[in-house]
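Engineer: Here it is, the structure in full.
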Amino acid sequence: MTSVLITGANRGLGLEFVRQYAAAGARVFAACRTPADADALSAIAAGANGRVTLHPLDVTDDTSVQALKAVLKGHPLDIVIANAGSYGGDHQTWRDMDYSAWLDLFATNTLSVLRIASIVHDGLAAGTGKRFIAITSGMGSNADKGGGQLAYRTSKAAVNKLVSTLAQDWRSDGIIAVPVSPGWVRTDMGGPGAPLSPEQSIGAMRAAIDRLTPADSGKLIDYDGSPQRW
Ligand SMILES: NC(=O)c1ccc[n+]([C@@H]2O[C@H](COP(=O)([O-])OP(=O)(O)OC[C@H]3O[C@@H](n4cnc5c(N)ncnc54)[C@H](OP(=O)(O)O)[C@@H]3O)[C@@H](O)[C@H]2O)c1
């Protein structure tokens, strides 16, 4: 049975990852800040015969991350999706940057990815899927010519470099590490005007994740598996 860990599992893309992997019969470790308030996630778990379990996780808090590590100990993992993230607040332009908030956003979007990677390495090495996926954003790519939102863009560009470096560090362990852009999707973050539904984005990402080979490790890909510019 495929074993999957998903962060930010209570809403948006993370919730849809849980829904689809659970429907496909996977064993899902679903991590979110406040499981007691995660009604939609709890409903999925209730219908999954014990294959979906909820775990508290604040990806910026080392104590919380280490508690999850203890839960995962001894469980091989096939796929890890480091999905939790934030768009940050206002004041992200060259004129009005909130530097303190920028650091906080790096903690949430970038440092958290290494925190999670560090606790899942052994589980991935013991699993058969061996896939570490960080959800990045097209806004972190140089192909995107938009301006503003500097904190978010730089946090995701840094995730790309972090994961492509992990790909090198983990190559000898056979673990594939890839940053994947989900496209622009209708979630709380993406808003109602986004062109993709969560079902479309996650369906395409799951297929792209399945197709990954060791030769893809360290590449930056779009939700449909096509290469994305750095
Ligand atoms: N939607 C898009 O169009 C789009 C496009 C490009 C990239 N992305 C990326 O896709 C990922 C998911 O985005 P989304 O659209 O699903 O956003 P969303 O609907 O705003 O959901 C964000 C998720 O991240 C969680 N989260 C935030 N900070 C956290 C923390 N410190 N610890 C644990 N969980 C935390 C949230 O938990 P709470 O409910 O507790 O806040 C929530 O589950 C993000 O990395 C985002 O940058 C999204």
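Numbering (this note's numbering), first residue to last: 129 to 358. Where is the CB? At the ideal position from N, CA and C, for every residue including glycine.
Return the residue from the list Asp352, Arg223, Tyr227, Ala253 that minimises the CA-CA distance to Trp312.
Structural biologist: Locating residue 312 in the sequence shown gives position 184, where the first residue counts as 1. Residue Asp352 is the option with its Cα nearest to Trp312.
Engineer: Using C-beta distances below 8 angstroms, list every residue in its chain close to Gly217, excluding the 5 sequence neighbours before and after it, in chain order.
Structural biologist: As a first step, residue 217 is located in the sequence shown; it is residue number 89 there, counting from the start. Contacts found: Asp226, Ala229.
Engineer: Going by DSSP, which residues form a beta bridge with Ala210?
Structural biologist: To locate residue 210, count along the sequence shown from 1; it is residue 82. Partner residues in the beta bridge of Ala210, as assigned by DSSP, are Ala262.
Engineer: Taking Leu200 as the reference, which of Asp338, Val156, Asp224 has the closest Cα?
Structural biologist: On the sequence shown, position 72 is the one that residue 200 refers to. Per the Cα distances, Val156.
Engineer: Would you give the residue range spanned by the beta strand (DSSP E) that Pro184 belongs to?
Structural biologist: Residue 184 sits at position 56 when you count from the first residue of the sequence shown. 180-184 is the span of the beta strand (DSSP E), which, as asked, contains Pro184.
Engineer: Sort out for me which residues DSSP pairs Thr135 with in a bridge.
Structural biologist: Here residue 135 refers to the residue found at position 7 when the sequence shown is read from its first residue. The partner list for Thr135 (beta bridge, DSSP) reads Ala159.
Engineer: Touching or not, the stretch 290-307 and the stretch 245-265, by the rule of three or more beta carbon pairs under 8 angstroms?
Structural biologist: yes
Engineer: Going by DSSP, what residues sit across from Pro355 in a beta bridge?
Structural biologist: As a position in the sequence shown, residue 355 is number 227, starting the count at 1. The partner list for Pro355 (beta bridge, DSSP) reads Ile349.
Engineer: Can you name, in chain order, every residue of its own chain whose Cβ lies under 8 angstroms from the Cβ of Asp338, other than the five neighbours on each side?
Structural biologist: On the sequence shown, residue 338 is found 210 positions in, with the first residue counted as 1. Closer than 8 angstroms at the Cβ level, and outside the excluded window around Asp338, lies no residue.
Engineer: Pull up the CB-CB distance for Pro326 and Gly140, whole angstroms please, since I reckon it's below 8 angstroms.
Structural biologist: Locating residue 326 in the sequence shown gives position 198, where the first residue counts as 1. Locating residue 140 in the sequence shown gives position 12, where the first residue counts as 1. Taking the Cβ atoms as the reference, Pro326 lies roughly 7 angstroms from Gly140, within the contact range of under 8 angstroms.
Engineer: Kindly list the residues whose CB is nearer than 7 angstroms to the CB of Tyr215, restricted to its own chain and excluding five residues on each side of it in sequence; keep chain order.
Structural biologist: In the sequence shown, residue 215 corresponds to position 87, counting from 1. Only Tyr280, Met317 meet the Cβ criterion.
Engineer: The alpha helix (DSSP H) with Val291 in it runs from where to where?
Structural biologist: Indexing the sequence shown from 1 puts residue 291 at position 163. For Val291, the enclosing alpha helix (DSSP H) begins and ends at 278-298.
Engineer: Hey, out of Ala176, Thr162, Gly136, Gly346, whose CA is closest to Ala154's CA?
Structural biologist: Here the question's residue 154 lines up with position 26 in the sequence shown. That would be Ala176, whose Cα lies nearest to the Cα of Ala154.
Engineer: Compute the distance between the beta-carbons of Ala343 and Leu294, then report whether it is under 8 angstroms.
Structural biologist: Looking up residue 343 in the sequence shown gives position 215. Looking up residue 294 in the sequence shown gives position 166. No, these two residues do not count as a Cβ contact at 8 angstroms.
Engineer: Taking the alpha-carbon of Ala198 as reference, which of Thr236, Asp250, Ala168 has the nearest alpha-carbon?
Structural biologist: By 1-based counting over the sequence shown, the position of residue 198 is 70. Taking only the C-alpha atoms, the option nearest Ala198 is Asp250.
Engineer: Assuming Asn237 and Val291 form a contact by the criterion Cβ under 8 angstroms, report the distance between their Cβ atoms to the nearest whole angstrom.
Structural biologist: By one-based count along the sequence shown, residue 237 stands at place 109. By one-based count along the sequence shown, residue 291 stands at place 163. The pair is not a contact, with the Cβ atoms about 12 angstroms apart (cut-off 8 angstroms).
Engineer: Ligand 1 heavy atoms versus the CB of Asp190: any closer than 7 angstroms?
Structural biologist: Within the sequence shown, the letter at position 62 stands for residue 190. Result no, Cβ not under 7 angstroms from ligand 1.
Engineer: Between the beta-carbon of Leu185 and the beta-carbon of Thr135, is there less than 8 angstroms?
Structural biologist: In the sequence shown, counting from the first residue as 1, residue 185 sits at position 57. In the sequence shown, counting from the first residue as 1, residue 135 sits at position 7. Yes, Cβ-Cβ distance for Leu185 and Thr135 is below 8 angstroms.
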